[in-house]
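So the structure is just underneath, and the comments pick up after that.
There are 2 protein chains.
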Amino acid sequence: MSQLAQEIISAIRKVVPYEDTFVPLHEPSFQGNEWKYVKETIDSTFVSSVGKYVDRFEKDLAEFTGVKRAVAVVNGTAALHVALTLVGVKKNDEVFIPSLTFIATANAVSYCQATPHFVDSEESTLGVDPYKLKSYLKEIAIVKNDECFNKQTGRRIKAIIPMHTFGHPVDMDQLIEVCQQYHIDLIEDAAESLGSYYKGQHTGSFGKISAMSFNGNKIMTTGGGGAILTNDERLADMAKHITTTAKVPHKWEYVHDQVGFNYRMPNINAALGCAQLEKVPDFLNKKRSLAHKYSEVFKGVPGVTFKQETDYSQSNYWLNALVLDEANEGIRDEILNLSNSSNLMTRPVWMLMNHLPMFRNCPSMDISCAESLEKRIINIPSSSELGDK
Amino acid sequence: MSQLAQEIISAIRKVVPYEDTFVPLHEPSFQGNEWKYVKETIDSTFVSSVGKYVDRFEKDLAEFTGVKRAVAVVNGTAALHVALTLVGVKKNDEVFIPSLTFIATANAVSYCQATPHFVDSEESTLGVDPYKLKSYLKEIAIVKNDECFNKQTGRRIKAIIPMHTFGHPVDMDQLIEVCQQYHIDLIEDAAESLGSYYKGQHTGSFGKISAMSFNGNKIMTTGGGGAILTNDERLADMAKHITTTAKVPHKWEYVHDQVGFNYRMPNINAALGCAQLEKVPDFLNKKRSLAHKYSEVFKGVPGVTFKQETDYSQSNYWLNALVLDEANEGIRDEILNLSNSSNLMTRPVWMLMNHLPMFRNCPSMDISCAESLEKRIINIPSSSELGDK
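Sequences listed follow chains A and B, in order. The first sequence begins at 1 in the working numbering and counts up one residue at a time. The second sequence begins at 1001 in the working numbering and counts up one residue at a time.
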């Protein structure tokens, strides 16, 4: 067994010294008003599609993230699907997404009959590399009538979906500049970054429209859930409309004016969300404390870096991550085996999207950085309560 | 004001004599283990995609409906979408659906890039008229290599989705015969018919695959939720797989082998479902009692019929319905206005699918019965607890 693998486990153990208990990667914490609010939905019988918690959750979330409007939906995948639909992504369009992301981003593009076009990530943010993207666009793209086209495929490149990996914000200023220059719509995948800020501004508030997730493993959870964020009132109204079957308000008639979706978040899930959102500042403090402890212990372990926020951003440290030096990528699986067999849950990053069979033939820029990161990233236990102990 | 409108309101009032309280069309009842089970998910922190209540709900539901397998999903629309995908409905296929149905059926067909092809309903069941369908198929369809084609459009007719309207079972024997003769896959839309039986067999167990809904207005609710039912183990495994992002089991790798969906039901919603399902036999008794009371009082009101189950079926009486005689269709809105303005919630049936702008140009048989029913159906208060008072 390699010495480094053992040193890494020992370092994690210094921060998480609970050897007799299984330590999950991320578990939610319900110590606030969760039960109170959920019980209220059951007592009032308003557990489903209508109810005050949905309205409140949307309002509270918009306030927390500093956007004009939030629309609660059934999960982050649904939020991405709606975002793509609303910016006008159509069949045969291409949509830039990082190769290093969760499957939801690529699936959502597929639901629109569009094609994912993979872009590389950068080591410092683990997200889209705007400089490399700019060079790539110079080579392959042409702008005609304020629309961007891929010269090689002839298809329109309609949008890009940067994802703030593990809560670390993408370099937004640079990316926004590229998007503006090439007339590419910006959809932020902020599924992992509630509580993360880029230059003081909340992630998810830069894009034309953005997606959030409140799955059980996220910094806060609604059981299953997600949200669409936007500063565009018209887009928000459209988002609400098409996520609620595109039903036109009427005292009793059932008129729907387009093919819509049944993507609304139930009130019982929104009740959980309202209580969780109240605790997010507390979760953020604890996660910051946990990340600080990890960063301290890993200073003494050469050959691996604990991923820290850049100097221009504030990460929510949703999932803490180690990045092995290139020379050590060979021991990733050894570390995963060793930790998981000793009550410490760890995992590698997602398999790159263009390594999956259904996306293998999609267009892609050189993704050498993502390919390297894929072999070197290890997520380590990150539950907010671990920062409190 | 017409005398009949007043007589109808008076008749409803005999069954629902609570003039000072608003009587909704259908409200859920939580008098069992709802709190206990939901609290357990919060206490255990397993509120999301993994948890014992999802497994239990699937097992309990399969047992209750008499099918081999049930797969819990996020809502009935998702269940229909997955059902269509799994029977192999492809782009440009046609799918028969009743014109008289909720929007979810037509939307699900659209998600597959297929075209709804509208069929008529019959007065006795409010569902698909198998005899009329058979005559229509004789005229427009041709079977080639065990597949059915529309001679007029050249497109394949892959499947039919009968819907058991308000809980009243479609005439399944006749429909199954037509489907077999023409090689059309049968997908049951049992969204409204949990607890409804056709010749002693539960609705949703006849189709190759079926969809259920547990929205807040249904006989039982999970907040938002649905299920896929099937007797085909292979289809059930595929349903579970593609509703959980098509992730291939692995100790830590994130491999997905096809474009999948994020359609799983969260554990907190399944917990509510387990408690509700325990009460369904009780709900069915109460709803039967309520329907009996309505049928008695409406015997004395000529010009309108209280919709009762056929002699070969048992309805769950999810939504009680009045059907006006054709001569009285002109007073439908008067009845709706009068009741809704006097604390009694009523509503008409859904607008026919081919009267909606996005489906106006879809193929359709003569739907004169559905067109007539659209003008004559009125749903009246149906909460199970009304049957207990």
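All C-beta atoms in this analysis are idealised placements derived from N, C-alpha and C, irrespective of residue type, glycine included. Just so you know, these numbers come straight off a predicted model, no measurement behind them.
query	result
If you scan the region 1144-1222 of chain B from start to end, which runs of the beta strand (DSSP E) of 3 or more residues do you find wholly inside it?	1147-1150, 1157-1160, 1185-1189 and 1209-1213
Is the shortest distance between the beta-carbon of ASP257 of chain A and the beta-carbons of chain B less than 8 Å?	yes
Is VAL1074 of chain B close to chain A? Criterion is C-beta to C-beta, closer than 8 Å.	yes
Taking the DSSP output, what are the residues bridged to HIS1256 of chain B?	B:LYS1247
Measure the alpha-carbon distance for SER1327 of chain B versus PRO1130 of chain B and round it to whole angstroms.	Just to set this straight, residue 1327 of chain B is Ala in the shown sequence, not Ser. One C-alpha to the other measures close to 26 Å.
So what does THR1115 of chain B bridge to, in DSSP terms?	B:GLU1094
Please confirm if the region 1073-1088 of chain B is in contact with the region 1261-1272 of chain B, defined as three or more CB-CB distances below 8 Å between the two stretches.	yes
In the DSSP assignment, the beta strand (DSSP E) including ASN1320 of chain B goes from what residue to what residue?	1320-1324
Between which two residues does the alpha helix (DSSP H) harbouring ARG264 of chain A extend?	Run containing ARG264 of chain A: none; DSSP gives neither H nor E here.
Does DSSP put SER1313 of chain B in a helix, in a strand, or in coil?	strand
Decide yes or no for the touch test of the region 1297-1304 of chain B against the region 1017-1033 of chain B: beta carbon pairs closer than 8 Å, at least 3 of them.	no
Which residues bound the alpha helix (DSSP H) around VAL15 of chain A?	3-15
Examine chain B for any beta-carbon lying closer than 8 Å to the beta-carbon of TYR18 of chain A, and answer yes or no.	no
CA-CA distance, ILE161 of chain A and ASN1075 of chain B?	27 Å
What residues in its chain sit with their C-beta under 6 Å from that of PHE1057 of chain B, if we drop five residues either side in the sequence?	ALA1072, ALA1270, GLY1273 and CYS1274
Can you pull the chain A residues whose beta carbon is under 9 Å from the beta carbon of ARG1351 of chain B, in chain order?	With the sequence shown as reference, residue 1351 of chain B is identified as Met, and Arg is not the correct amino acid for it. Here the neighbours are GLU253, TYR254, VAL255 and HIS256.
Under 7 Å Cβ-Cβ, which residues of chain B neighbour MET358 of chain A?	GLN1258 and VAL1259
Do we get a CB-CB distance below 8 Å when we pair GLU326 of chain A with the residues of chain B?	no
Tell me whether VAL304 of chain A sits in a helix, a strand or coil according to DSSP, three-state version.	strand
Any beta carbon of chain A sitting closer than 8 Å to that of PRO1348 of chain B?	yes
Would you say the region 1243-1258 of chain B touches the region 338-353 of chain A, given that touching needs at least three Cβ pairs under 8 Å?	yes
Would you list, in chain order, the members of the region 1023-1035 of chain B that have their beta-carbon closer than 8 Å to a beta-carbon of chain A?	GLU1027, PRO1028, SER1029, PHE1030, GLU1034 and TRP1035
Out of A:LEU290, A:HIS202 and A:MET365, state which residue places its alpha-carbon closest to the alpha-carbon of ASN150 of chain A.	A:MET365
Going by DSSP, what residue range makes up the alpha helix (DSSP H) through ARG1332 of chain B?	1332-1340
Which of the three DSSP states, helix, strand or coil, is assigned to VAL1087 of chain B?	helix
So, under 8 Å CB-CB, VAL1095 of chain B and ALA1114 of chain B are touching, yes? Tell me the CB distance rounded to an integer number of Å.	5 Å
Taking ARG360 of chain A as part of the beta strand (DSSP E), name the residues at either end of that continuous run.	From DSSP, ARG360 of chain A is part of no beta strand (DSSP E); its letter is neither H nor E.
State yes or no: is the C-beta of ALA321 of chain A within less than 8 Å of the C-beta of ILE377 of chain A?	yes
Please report the distance separating the alpha-carbon of ASN343 of chain A from that of ASN316 of chain A.	25 Å
Would you identify the three-state DSSP class for LEU1126 of chain B, choosing helix, strand or coil?	coil
Taking only the alpha-carbon atoms, compute the straight-line gap between TYR136 of chain A and HIS292 of chain A and give it to the nearest angstrom.	36 Å
Counting Cβ pairs, one atom from each stretch, are 3 or more of them under 8 Å apart for the region 1060-1071 of chain B and the region 1221-1231 of chain B?	yes
Using only the alpha-carbon positions, how far apart do ASP325 of chain A and PHE359 of chain A sit?	28 Å
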